[in-house]
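Have a look at the structure below, then the notes.
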Amino acid sequence: MGRLDPVFAHTREQGRAALIGYLPAGYPTVDGSAELLTTMIDSGCDIVEVGVPYSDPVMDGPTIQAAADRALRGGFRLRDLFTVVERVAAAGGHAVVMTYWNPVHRYGVDRFARDLAAAGGLGLITPDLIPDQGADWLAAAEEHDLDRIFLVAPSSSPERLALTTAATTGFLYATAVMGVTGARDQVGSSAEGLVARAREHTDLPIAVGLGVRSGEQAAEVAGFADGVVVGSAFVSRAEDVTAVRALAEELAEGVRAPAPAR
Amino acid sequence: MTSPEDGRVRSAEPTEVEPGSEHEPDRHDPDARGHFGPYGGRFLPEALIGAMDELATVYEKARLDPDFVDELNRLLRDYAGRPSLLTEAPRFAEHAGGARIFLKREDLNHTGSHKINNVLGQALLTKRMGKKRVIAETGAGQHGVATATACALMGLECVVYMGEVDTERQKLNVARMRLLGAEVIPVRTGSRTLKDAINEALRDWVTNVETTHYLLGTAAGGHPFPMMVRNFHKVIGQEARAQVLEKAGRLPDAVTACVGGGSNAIGMFHGFINDPGVRLVGYEPGGHGIESGEHGATLSEGTPGMLHGALSYLLQDEDGQTVEAYSISAGLDYPGVGPEHAWLKDTGRAEYHSVTDAEAMEAFQLLSRTEGIIPAIESSHALAGTLRLGRELGPDGLIVVCLSGRGDKDMDTAATYFGFMES
Ligand SMILES: Cc1ncc(COP(=O)(O)O)c(C=O)c1O
Numbered sequence: 011m012g013r014l015d016p017v018f019a020h021t022r023e024q025g026r027a028a029l030i031g032y033l034p035a036g037y038p039t040v041d042g043s044a045e046l047l048t049t050m051i052d053s054g055c056d057i058v059e060v061g062v063p064y065s066d067p068v069m070d071g072p073t074i075q076a077a078a079d080r081a082l083r084g085g086f087r088l089r090d091l092f093t094v095v096e097r098v099a100a101a102g103g104h105a106v107v108m109t110y111w112n113p114v115h116r117y118g119v120d121r122f123a124r125d126l127a128a129a130g131g132l133g134l135i136t137p138d139l140i141p142d143q144g145a146d147w148l149a150a151a152e153e154h155d156l157d158r159i160f161l162v163a164p165s166s167s168p169e170r171l172a173l174t175t176a177a178t179t180g181f182l183y184a185t186a187v188m189g190v191t192g193a194r195d196q197v198g199s200s201a202e203g204l205v206a207r208a209r210e211h212t213d214l215p216i217a218v219g220l221g222v223r224s225g226e227q228a229a230e231v232a233g234f235a236d237g238v239v240v241g242s243a244f245v246s247r248a249e250d251v252t253a254v255r256a257l258a259e260e261l262a263e264g265v266r267a268p269a270p271a272r
Numbered sequence: 027m028t029s030p031e032d033g034r035v036r037s038a039e040p041t042e043v044e045p046g047s048e049h050e051p052d053r054h055d056p057d058a059r060g061h062f063g064p065y066g067g068r069f070l071p072e073a074l075i076g077a078m079d080e081l082a083t084v085y086e087k088a089r090l091d092p093d094f095v096d097e098l099n100r101l102l103r104d105y106a107g108r109p110s111l112l113t114e115a116p117r118f119a120e121h122a123g124g125a126r127i128f129l130k131r132e133d134l135n136h137t138g139s140h141k142i143n144n145v146l147g148q149a150l151l152t153k154r155m156g157k158k159r160v161i162a163e164t165g166a167g168q169h170g171v172a173t174a175t176a177c178a179l180m181g182l183e184c185v186v187y188m189g190e191v192d193t194e195r196q197k198l199n200v201a202r203m204r205l206l207g208a209e210v211i212p213v214r215t216g217s218r219t220l221k222d223a224i225n226e227a228l229r230d231w232v233t234n235v236e237t238t239h240y241l242l243g244t245a246a247g248g249h250p251f252p253m254m255v256r257n258f259h260k261v262i263g264q265e266a267r268a269q270v271l272e273k274a275g276r277l278p279d280a281v282t283a284c285v286g287g288g289s290n291a292i293g294m295f296h297g298f299i300n301d302p303g304v305r306l307v308g309y310e311p312g313g314h315g316i317e318s319g320e321h322g323a324t325l326s327e328g329t330p331g332m333l334h335g336a337l338s339y340l341l342q343d344e345d346g347q348t349v350e351a352y353s354i355s356a357g358l359d360y361p362g363v364g365p366e367h368a369w370l371k372d373t374g375r376a377e378y379h380s381v382t383d384a385e386a387m388e389a390f391q392l393l394s395r396t397e398g399i400i401p402a403i404e405s406s407h408a409l410a411g412t413l414r415l416g417r418e419l420g421p422d423g424l425i426v427v428c429l430s431g432r433g434d435k436d437m438d439t440a441a442t443y444f445g446f447m448e449s
């Protein structure tokens, strides 16, 4: 039973996809990020991904790199993450954390899971941890009842799709394109194929991320996926809460108008 | 078997290195998932796992394939100029308490450093995988130059990522790479050095993995890189072992090397790893001194953590953020290190110490003036450490040091450091 199952049960019932918005904790400030994430929830995000700013984000493009850099320069500490998650949870939001693995490893995997669960977080997305390397995390997730959200990519083989989906709970994160984060004009036809391939291995909800930035793209992705992840487009508006709200609303409309499958 | 009066003979007759033996699987290989003890593994995005699996499979096949081994050996001999010489350095050794010191002359390889050994191997694998584009990171520029060279030789497209700080301090190598037809992309993120060049190369790889091989330049990164790069450099240690037995009649008391990511050191060490009487000693960049906090002494000062795909020692803060390294030497200016070194440190088979900028530069000048050999600043760290170790061992000591590269590329830095440009 995944912690996020009720969210997807609800969106499925409504015949739509879930909107999942990403923002790094500590960007532009710790308080600012908590407020923006709360705004995102109020304006239609079903789930928020609270990012952990990291010194070496190899899966991120320039927008998120710059945000992480600014958060770290601003003095972001890992304990601030839990504060932000707590505030999002207190505001009634469903929060998962997206983090590169070394900060968790350094903090202590079990301790991190315990503190995240205590803050009201529901799971972890791990862009550079594959299940094959994650025995300690799988155990900690079990122990502290957290979802473990792994990624699959267009390059994932059937064997890897089987292995990864078997280890995942909550939802499966499908990266739409081969590449790093960043808003794109095109979400890439590989996403639809990947989702179809992954469905051969699992009944888990599947969310598609990397590149989505408009309501129209969200509708397109909602046509074949259970969730739409939007990151860089929010991050690039983080200076302006009205723009964040407007984007969330536009995307929320998009996920409610799934384009018919092609 | 000879038996000098000090009774220090530890092994057999000089033996010919058996061609290809460096690629044979042995008990020092990591487990199937790339673990050396607890270290290594693959902490990388799923998007790259397919390519890593492919590389591992292709390499595992190639290392046992006589055609591959023959072709590589032919290139190493006829193109790179192997075997490299082993040169005794008696005038330099006078400053090391009289111990005998031999230099393993990787500086004489084509392109001027050990890097070519690994590059030729991986370039051949690139062709086997049918990939046409190669990307690489470089710090000192030696790996970039070697990669650009192999790509020119084999008709591959080549893109090299290099931190902006390094494009400044190793300008000459930027020009060499461009002359060889490579595209050099200055990296302006983070510390603008080697670490960030690797980040950028990984981002390129995630995007272009289908057509592109990431030709990593050191024995770090996710499996199979640490093992594979090591095996391509084992030739250094294997040759050195045969050569020192022939020239000195016995095994050395120690072999030494500088440690950036750890490739020249691991290659050197593996020639002697089964000789328990031979100490394996690595020298890391101490920068402005450990106390200053400005250094790159990962094994001496770091803690276990992940960077660029493997668990190893790492310079990091309490929150697991990578701490920027510092060294006068662009090739050692890296906060991580290959995972096998972490394991060799923990098991006590190898030892690691640090050497400051000042000590390295003194050794740089000393070797130039006593032996007429201008070493790379990276290699000068090993030389400085060897001077210290020689004094510790005394006049009966015998050390083989890996002279990993030549110092031509460092003339700007050296001229500034020593004030040679002042009229
Ligand atoms: C001459 C030379 N020696 C040593 C190094 C350090 O690398 P490694 O530790 O992988 O041998 C470099 C890297 O650029 C180099 O150019």
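Protein sequence lines, in the order shown, are assigned to chains A and B.
Straight run, no breaks: the first sequence in this note's numbering ends on number 272.
Straight run, no breaks: the second sequence in this note's numbering ends on number 449.
Glycine residues also receive a C-beta, built at the ideal position from the N, C-alpha and C atoms.
{"Asked": "Near ligand 1, which residues have their beta-carbon closer than 7 Å to a heavy atom?", "Found": "B:Ser139, B:His140, B:Lys141, B:Thr164, B:Gly165, B:Ala166, B:Gln168, B:His169, B:Gly243, B:Thr244, B:Ala245, B:Cys284, B:Val285, B:Gly286, B:Gly287, B:Gly288, B:Ser289, B:Asn290, B:Ala291, B:Ala356, B:Gly357, B:Leu358, B:Ala402, B:Glu404, B:Ser405, B:Ser430 and B:Gly431"}
{"Asked": "Using Cβ-Cβ distances below 7 Å, what residues of the segment 227 to 244 of chain A are close to chain B?", "Found": "none"}
{"Asked": "If you draw a straight line from the C-alpha of His259 (chain B) to the C-alpha of His49 (chain B), how long is it?", "Found": "10 Å"}
{"Asked": "Using three-state DSSP, classify Ser289 (chain B) as helix, strand or coil.", "Found": "helix"}
{"Asked": "For Ile159 (chain A), does the three-state DSSP call read helix, strand or coil?", "Found": "strand"}
{"Asked": "Quick check on Ala201 (chain B): buried or exposed, where buried means 16 or more other Cβ atoms within 10 Å of its Cβ?", "Found": "exposed"}
{"Asked": "Going by the CB atoms, is the gap between Thr185 (chain A) and Asp70 (chain A) shorter than 8 Å?", "Found": "no"}
{"Asked": "Tyr110 (chain A) and Asp142 (chain A): beta carbons closer than 8 Å?", "Found": "no"}
{"Asked": "Which residue or residues does DSSP assign as beta-bridge partners of Ser110 (chain B)?", "Found": "The partner list for Ser110 (chain B) (beta bridge, DSSP) is empty, contrary to what the question assumes."}
{"Asked": "List the residues of chain A that Phe69 (chain B) touches, going by C-beta distances under 9 Å, in chain order.", "Found": "Tyr110, Trp111, Asn112, His115, Asp138, Leu139, Ile140 and Gln143"}
{"Asked": "Answer yes if the segment 157 to 166 of chain B comes into contact with the segment 182 to 193 of chain B, meaning at least three C-beta pairs across the two stretches below 8 Å, and no otherwise.", "Found": "yes"}
{"Asked": "For the beta strand (DSSP E) containing Glu59 (chain A), name the first residue and the last one.", "Found": "Ile57 to Gly61"}
{"Asked": "Within the chosen definition, does the segment 110 to 123 of chain B reach the segment 416 to 429 of chain B through at least 3 CB pairs nearer than 8 Å?", "Found": "yes"}
{"Asked": "Could you pull out every residue in the same chain whose Cβ sits closer than 7 Å to the Cβ of Pro268 (chain A), ignoring the five residues on either side in sequence?", "Found": "Arg26, Ala27, Ala229, Ala232 and Gly233"}
{"Asked": "Any beta carbon from chain A within less than 8 Å of Leu228 (chain B)'s own beta carbon?", "Found": "yes"}
{"Asked": "Pick helix, strand or coil for Lys221 (chain B), following the three-state DSSP scheme.", "Found": "helix"}
{"Asked": "How would you list, in chain order, the residues of chain A whose beta-carbon sits under 7 Å from the beta-carbon of Val235 (chain B)?", "Found": "Ser165 and Met188"}
{"Asked": "Going by beta carbon distance, what residues of the same chain come within less than 6 Å of Ala356 (chain B), once the five residues before and after it are set aside?", "Found": "Gly165, Ala166, Asp192, Arg195 and Gln196"}
{"Asked": "Give a yes or no on whether the C-beta atoms belonging to Val107 (chain A) and Val98 (chain A) are separated by under 8 Å.", "Found": "no"}
{"Asked": "Could you round the C-beta distance between Val281 (chain B) and Leu306 (chain B) to whole angstroms and report it? I think they count as a contact, below 8 Å.", "Found": "6 Å"}
{"Asked": "Under 8 Å between beta-carbons, which chain B residues line up against Ser199 (chain A)? List them in chain order, please.", "Found": "Going along chain B, no residue has its Cβ under 8 Å from Ser199 (chain A), so there is no contact; the nearest lies around 15 Å."}
{"Asked": "Determine the DSSP secondary structure at Glu39 (chain B), reduced to helix, strand or coil.", "Found": "Legend: pLDDT at Glu39 (chain B) = 49, less than 50; position of this residue unreliable, value from coordinates given subsequently. Looking at Glu39 (chain B) - three-state DSSP - the assignment turns out to be coil, as it is neither helix nor strand."}
{"Asked": "Comparing the C-beta of Asn143 (chain B) with each C-beta of chain A, is any distance below 8 Å?", "Found": "no"}
{"Asked": "Output yes or no for whether 8 Å exceeds the beta carbon distance between Val210 (chain B) and Ala172 (chain B).", "Found": "no"}
{"Asked": "Should the segment 390 to 410 of chain B be called in touch with the segment 366 to 379 of chain B, which here means at least 3 C-beta pairs below 8 Å?", "Found": "no"}
{"Asked": "Quick check: Thr261 (chain A) and Leu47 (chain A), are their CB atoms within less than 8 Å of each other?", "Found": "Looking at the sequence itself, residue 261 (chain A) is Leu, so the reference to Thr does not match. No, these two residues do not count as a Cβ contact at 8 Å."}
{"Asked": "For Ser43 (chain A), is the classification buried or exposed, using 16 other Cβ atoms within 10 angstroms of its Cβ as the cut-off for buried?", "Found": "buried"}
{"Asked": "For Asp57 (chain B), does the count of other Cβ atoms within 10 angstroms reach 16, so buried, or fall short, so exposed?", "Found": "exposed"}
{"Asked": "Residues of chain A with a CB under 7 Å from the CB of Thr215 (chain B): which are they?", "Found": "Gln75"}
{"Asked": "Leaving aside the five residues before and after Glu31 (chain B) along the sequence, list all residues of the same chain whose C-beta is less than 7 Å from its C-beta, in chain order.", "Found": "Legend: pLDDT at Glu31 (chain B) = 40, less than 50; position of this residue unreliable, value from coordinates given subsequently. There are no such residues."}
{"Asked": "Checking the sheet assignment: what are the DSSP bridge partners for Lys130 (chain B)?", "Found": "B:Leu112 and B:Cys428"}
{"Asked": "According to DSSP, simplified to helix, strand and coil, what is Gln196 (chain A)?", "Found": "coil"}
{"Asked": "When Cβ atoms are compared, which residues of the segment 361 to 379 of chain B fall closer than 7 Å to chain A?", "Found": "none"}
{"Asked": "Can you list, in chain order, the residues of the segment 145 to 170 of chain B whose Cβ is nearer than 7 Å to any Cβ on chain A?", "Found": "none"}
{"Asked": "Of all the alpha helix (DSSP H) runs that stay within the bounds of the segment 212 to 262 of chain A, which reach a length of 4 or more residues?", "Found": "225 to 232 and 242 to 245"}
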